[in-house]
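Colleague: Mind looking over this structure? Questions follow.
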Amino acid sequence: MDGFRYSALLTDLYELTMLAGYFDEKMHEKPATFDLFFRESPFHGSFAVFAGLETALRFLSDLRFSEEDLSYLAGLNIFKPSFLEFLRDFRFQGDVKAPREGTVVFANEPLLTVEGNLAEAQFVETVLLNIINFQTLVATKAARLKTAAGEGTVIEFGLRRAQGPDGGMSVARAAAVGGVLSTSNVLAGREYGLPIKGTHAHSWVMAFPDELSAFRAYAECFPESSTLLVDTYDTLGSGIPNAITVGRELRERGFELKGIRLDSGDLAYLSKEARRMLDEAGLPHVTIVASNELDENVIHSVRSEGGRVDIYGVGTRLATCAGEGGGALGGVYKLVCLEGVPRMKVTSDIAKATLPDRKRVLRVVNPDGGFNMDIICRDEEKVRSGDMVYDPTNPARNKPIPSNIRFEEVRSTVMRGGKILVDFPPLGELAKHSSGQLKRMPDGTLRLINPHLYKLSISQGLHDLRSALMGQWRPSR
Numbered sequence: 003m004d005g006f007r008y009s010a011l012l013t014d015l016y017e018l019t020m021l022a023g024y025f026d027e028k029m030h031e032k033p034a035t036f037d038l039f040f041r042e043s044p045f046h047g048s049f050a051v052f053a054g055l056e057t058a059l060r061f062l063s064d065l066r067f068s069e070e071d072l073s074y075l076a077g078l079n080i081f082k083p084s085f086l087e088f089l090r091d092f093r094f095q096g097d098v099k100a101p102r103e104g105t106v107v108f109a110n111e112p113l114l115t116v117e118g119n120l121a122e123a124q125f126v127e128t129v130l131l132n133i134i135n136f137q138t139l140v141a142t143k144a145a146r147l148k149t150a151a152g153e154g155t156v157i158e159f160g161l162r163r164a165q166g167p168d169g170g171m172s173v174a175r176a177a178a179v180g181g182v183l184s185t186s187n188v189l190a191g192r193e194y195g196l197p198i199k200g201t202h203a204h205s206w207v208m209a210f211p212d213e214l215s216a217f218r219a220y221a222e223c224f225p226e227s228s229t230l231l232v233d234t235y236d237t238l239g240s241g242i243p244n245a246i247t248v249g250r251e252l253r254e255r256g257f258e259l260k261g262i263r264l265d266s267g268d269l270a271y272l273s274k275e276a277r278r279m280l281d282e283a284g285l286p287h288v289t290i291v292a293s294n295e296l297d298e299n300v301i302h303s304v305r306s307e308g309g310r311v312d313i314y315g316v317g318t319r320l321a322t323c324a325g326e327g328g329g330a331l332g333g334v335y336k337l338v339c340l341e342g343v344p345r346m347k348v349t350s351d352i353a354k355a356t357l358p359d360r361k362r363v364l365r366v367v368n369p370d371g372g373f374n375m376d377i378i379c380r381d382e383e384k385v386r387s388g389d390m391v392y393d394p395t396n397p398a399r400n401k402p403i404p405s406n407i408r409f410e411e412v413r414s415t416v417m418r419g420g421k422i423l424v425d426f427p428p429l430g431e432l433a434k435h436s437s438g439q440l441k442r443m444p445d446g447t448l449r450l451i452n453p454h455l456y457k458l459s460i461s462q463g464l465h466d467l468r469s470a471l472m473g474q475w476r477p478s479r
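Laid out in structure tokens, this is it:
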């Protein structure tokens, strides 16, 4: 719920101890820049869909320590009274750069850049990672599901399997950014303006003397929106025949059966048989809904085998982002500039070395509007066609920027001086944006298995700076 104010205590202890240390060392007002990014694309894919910006900006805008917070911290007997007094007036008054939610983003490029004094820019690390990591992961999963479903519809059914109530709300929101715009979560429907969808459980059928009685009762209660769960006893032997009977009875009353739901068994085979039976009964308009531990790979399999599913209800594997390469987005938050001096984490593994300094992210766009590659460059650096660019994980791989292209800025300043600069569009608009972005991706990059990797490069200026800094820290022999 984006109107909810998070407590300032929703953080890791080390954020507070570092903040107290900076305050003691009189370092807390030094200007600092941090980048938030991830190192590997989730689900062994080639992209992610950026989400969580509205939630993050509202958190930053509302950040403050209440008297109750300060009283609790004083009772820990860790912090000095002078530091607690400092926290009383603590606010985030920094700047933030970010992409628009729904933008396709890639490993190793900065998503958020946070600039301010060292105290405020460091302290917000934990919550920003919590928000952006989870919502971006869910939005990416949702986009993969939508891609797998093709012209089919996907509904988010994950509330009962989500990581707690807050997780359930975040899932519904982020899934919508990724293109899954319907949910079973009634509160999310109200808070986010999403259509809410649902049928009935097996317990409804089992509560009646027989399946036909249960279907008739449900149709009596909801004659204009009946979708019947047909696999409680025997999908083809009784469930679908009984649904057909009720569909014909509804028609005699001036209504139409809306759909049937398959929740077990071979969904490709059952959906084909269901479609045949419904069509032969004169009910071609009845939609077929499938559920039961679906993910993008199962959906792809159903479609590749000729399944006739119209709507996929995805619960557990969307809400928990289950699947190989899923579970969590490994976003990190690193200091890249302090008092105007570029900083970087240096490591023997260049893939783990951070990219220093304040930066821009440019998207190279082909004449047809398709994405060619992304380039990370220094903030004031001029980048042109023909310039050499480098693979950030293997500088030996380099190439010139092609001609006959144009550049798009991936990010903009969304907060300045702690004030939000952007409007928050409806989730439906963000879903359209993400869908449009995915259509511009190069061939093969949306493939579920062994996708082509999208090209990410660093500019000549950033390459030279990183090489110079690594040389400074190289141990002498």
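For the working numbering, count along the sequence shown from 1 and bump the result up by 2. Glycine included, every Cβ here is placed at the ideal spot set by N, Cα and C.
Quickly, what does DSSP pair C339 with across the bridge? List them, please.
Modeller: T35, P344
Colleague: Taking 8 Å as the threshold (C-beta atoms), are L264 and T237 in contact?
Modeller: Cβ distance < 8 Å, so T237 and L264 count as in contact.
Colleague: Within its chain, find whatever has a CB closer than 7 Å to the CB of S387; leave out the 5 residues flanking it on each side and keep chain order.
Modeller: I403, P404, S405, I407
Colleague: Can you check whether the CB of V316 is closer than 8 Å to the CB of L147?
Modeller: Taking C-beta atoms as the reference points, L147 and V316 count as a pair closer than 8 Å.
Colleague: Please name the residue or residues paired with M375 in a DSSP beta bridge.
Modeller: V366, K457
Colleague: Do V156 and V179 have their C-beta atoms within less than 8 Å of each other?
Modeller: no
Colleague: DSSP state of T142, grouped into three classes?
Modeller: helix
Colleague: Given 8 Å as the limit, is there contact between the stretch 135–149 and the stretch 46–55, that is, 3 or more CB pairs closer than that?
Modeller: yes
Colleague: Leaving out five residues on either side along the sequence, give the residues of the same chain with a beta carbon under 7 Å from the beta carbon of F88.
Modeller: F25
Colleague: In the DSSP assignment, find the beta strand (DSSP E) that holds K274 and state where it starts and stops.
Modeller: Here K274 belongs to no beta strand (DSSP E); instead the alpha helix (DSSP H) covers 269–282.
Colleague: Please report how far the alpha carbon of F210 lies from the alpha carbon of A216, in whole angstroms.
Modeller: 5 Å
Colleague: Relative to the C-alpha of Y456, which residue among A58, V107, Q95 is closest?
Modeller: Ranking the options by Cα distance to Y456, first place goes to V107.
Colleague: Can at least three beta-carbon pairs, one atom from the stretch 296–305 and one from the stretch 318–336, be found at a separation below 8 Å?
Modeller: yes
Colleague: Given a cut-off of 8 Å, decide if E42 and A151 are closer than it, judged by their beta-carbon atoms.
Modeller: Taking 8 Å as the cut-off, the Cβ atoms of A151 and E42 do not count as close.
Colleague: Could you say which of L161, L337, E193, L285 lies nearest to S186 if we only look at CA atoms?
Modeller: L161
Colleague: Could you tell me which of H435, G169, H202, S205 sits nearest to L189, measuring between CA atoms?
Modeller: G169
Colleague: Answer with buried or exposed for M171, where buried requires no fewer than 16 other C-beta atoms within 10 angstroms of its C-beta.
Modeller: buried
Colleague: DSSP beta-bridge partners for R442?
Modeller: Under DSSP, R442 takes part in no beta bridge, so it has no partner.
Colleague: Our contact map puts L280 next to I313 with C-beta atoms below 8 Å; I'd like the distance itself, whole angstroms only.
Modeller: Not confirmed; about 14 Å, so no contact.
Colleague: Give a yes or no on contact between the stretch 88–102 and the stretch 57–71, applying the rule of three or more CB pairs nearer than 8 Å.
Modeller: yes
Colleague: Which of the three DSSP states is assigned to I403 in this structure?
Modeller: coil
Colleague: Going by the CB atoms, is the gap between I134 and G333 shorter than 8 Å?
Modeller: yes
Colleague: With a 10 Å radius around its C-beta and 16 neighbouring C-beta atoms as the bar for buried, classify V343 as buried or exposed.
Modeller: exposed
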